[in-house]
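A.B. asks:
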Amino acid sequence: MKFRVQVAVLLKKSVLDPQGAAVERALKSHGYEGIKAVRVGKLIELEVEDESRCEVKTKVTAWADQLLANPVLETFDVIVEPQL
Amino acid sequence: MRGRAVAAVLVFPGSNCDRDCARAWEAVTGQAADFVWHKETRLPDYDLLILPGGFSFGDYLRCGAIARFSPVIAEVKRLADRGHYVLGICNGFQILTEVGLLPGAMRRNRDLLFICRDVYLRVENIRTDFTCGYSTGAIISYPIAHGDGGFSIDSRGLRELQDKDRIVFRYAGPDGRVVAGGSPNGSLDEIAGIINGRGNVLGLMPHPERLAEAILGGDDGRVMFQSIFQTITGATV
Chain A
949 MKFRVQVAVL
959 LKKSVLDPQG
969 AAVERALKSH
979 GYEGIKAVRV
989 GKLIELEVED
999 ESRCEVKTKV
1009 TAWADQLLAN
1019 PVLETFDVIV
1029 EPQL
Chain B
64 MRGRAVAAVL
74 VFPGSNCDRD
84 CARAWEAVTG
94 QAADFVWHKE
104 TRLPDYDLLI
114 LPGGFSFGDY
124 LRCGAIARFS
134 PVIAEVKRLA
144 DRGHYVLGIC
154 NGFQILTEVG
164 LLPGAMRRNR
174 DLLFICRDVY
184 LRVENIRTDF
194 TCGYSTGAII
204 SYPIAHGDGG
214 FSIDSRGLRE
224 LQDKDRIVFR
234 YAGPDGRVVA
244 GGSPNGSLDE
254 IAGIINGRGN
264 VLGLMPHPER
274 LAEAILGGDD
284 GRVMFQSIFQ
294 TITGATV
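Protein chains in written order, with our numbering: chain A, 949 to 1032; chain B, 64 to 300.
Structure (structure tokens):
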């Protein structure tokens, strides 16, 4: 089975995000006052072939933990969608 | 006969301070350093490994994140475990944190700018084998050149660094004063360089090799190479 996997990496809430702060200021300078917080992260997309969704989730989570995100600074989410 | 210290500079794709490091080592100690490509899987027992600055693997994903999986890293760990000296400068420091030989991680600079200029540092610990040649509280100048140098660590990790005297360099003003928030890059506790618990692995963002000879405009970095050479060989240079 083929899967499309998205790994979303964000700085932890406790970590200062200067990029997010700069984007927030830029958005607010456009006059949109409703914005309460902006954080900038990265999205890593993978195409994976494997037997099952849970198998993919487990493997990609392990890769994310070891390589794709740095647990000292970042958190991540792994979203696995079957590719039809 | 004068003692011999065998040093090597690791080279990753994108390293760009490798020659500067080898040049500084040779200029200070009179002994040539080897260059070791990151694909090497078996190293001789070098006394000192230098992980140089640069942009290993283009800084893709995160600084140092991909270099961490280079084959030579297993040898870096092996030699570090046996007490040999490892010095990580700038990108080399970032790699050492990714490898886990040093704690913490580097964030994007607070002001989002790549900063390339000389900074003042206070030498906080002169009892390390890398800094024994400096005098207590010495104020020195090394250049920095990085975009991701904001040292970051959780509060427990920070306390451990503080309590165990493992903060070796802090960013300071020209008068040597360390002011909260005064680092150029937003580093926690103004930390510019740290050492591991055993005292044989040092990482720092500033570049001692770039000011190691008077002809370069300063030689404060010379003392670091002298110190480590003296520790290894017992000889002064």
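From the three backbone atoms N, C-alpha and C, an ideal C-beta is built for every residue, glycine too.
Fair warning: this is a prediction, and the values are worked out from it, not measured in the lab.
On the DSSP bridge assignment, give the partners of residue 1023 of chain A in chain order.
C.D. replies: Paired residues: A:958.
A.B. asks: Under the DSSP definition of a beta bridge, which residues are partnered with residue 201 of chain B?
C.D. replies: Paired residue(s): none; residue 201 of chain B is not in a bridge.
A.B. asks: Does DSSP put residue 221 of chain B in a helix, a strand or coil?
C.D. replies: Three-state result, residue 221 of chain B: helix.
A.B. asks: Let me check understanding here. Comparing Cα to Cα, which of B:143, B:296 and B:120 lies closest to residue 132 of chain B?
C.D. replies: Comparing Cα positions, the closest option is B:120.
A.B. asks: Closer than 8 angstroms by beta-carbon distance: list the chain A residues that pair up with residue 168 of chain B, in chain order.
C.D. replies: Under the 8 angstroms cutoff, chain A gives 1018, 1020 and 1021.
A.B. asks: Could you check if residue 100 of chain B is buried or exposed, using at least 16 other CB atoms within 10 Å of its CB as the buried criterion?
C.D. replies: Under this definition residue 100 of chain B is an exposed residue.
A.B. asks: Any contact of the segment 237 to 250 of chain B with the segment 167 to 179 of chain B, i.e. 3+ C-beta pairs under 8 angstroms?
C.D. replies: The segment 237 to 250 of chain B vs the segment 167 to 179 of chain B: in contact.
A.B. asks: Is residue 203 of chain B buried or exposed, if buried means 16 or more other CB atoms sit within 10 Å of its CB?
C.D. replies: It is buried - the Cβ of residue 203 of chain B has at least 16 other Cβ atoms within 10 Å.
A.B. asks: Going by the CB atoms, is the gap between residue 191 of chain B and residue 265 of chain B shorter than 8 angstroms?
C.D. replies: Yes, they are a contact pair.
A.B. asks: From the beta carbon of residue 951 of chain A, is the nearest beta carbon of chain B less than 8 angstroms away?
C.D. replies: Chain B, which has no Cβ nearer than 8 angstroms to the Cβ of residue 951 of chain A, makes this no.
A.B. asks: Can you pull the chain A residues whose beta carbon is under 9 angstroms from the beta carbon of residue 249 of chain B, in chain order?
C.D. replies: Near residue 249 of chain B (Cβ distances below 9 angstroms), the residues of chain A are 964 and 966.
A.B. asks: For residue 970 of chain A, which residues in chain B fall below 7 angstroms Cβ to Cβ?
C.D. replies: Neighbours of residue 970 of chain A on chain B, chain order: 175.
A.B. asks: Give me the chain A residues within the contact set of residue 178 of chain B, using Cβ-Cβ distance strictly less than 8 angstroms, ordered along the chain.
C.D. replies: Under the 8 angstroms cutoff, chain A gives no residues; its nearest Cβ is about 13 angstroms from residue 178 of chain B.
A.B. asks: Residue range of the beta strand (DSSP E) that residue 227 of chain B falls in?
C.D. replies: No beta strand (DSSP E) holds residue 227 of chain B; DSSP gives it neither H nor E.
A.B. asks: Determine, using beta carbons only, whether residue 219 of chain B comes closer than 8 angstroms to chain A.
C.D. replies: Judged by the 8 angstroms Cβ criterion, residue 219 of chain B is not in contact with chain A.
A.B. asks: So that I know if they touch, is there some Cβ in chain B lying closer than 8 angstroms to that of residue 1032 of chain A?
C.D. replies: Output row for residue 1032 of chain A: interface = no.
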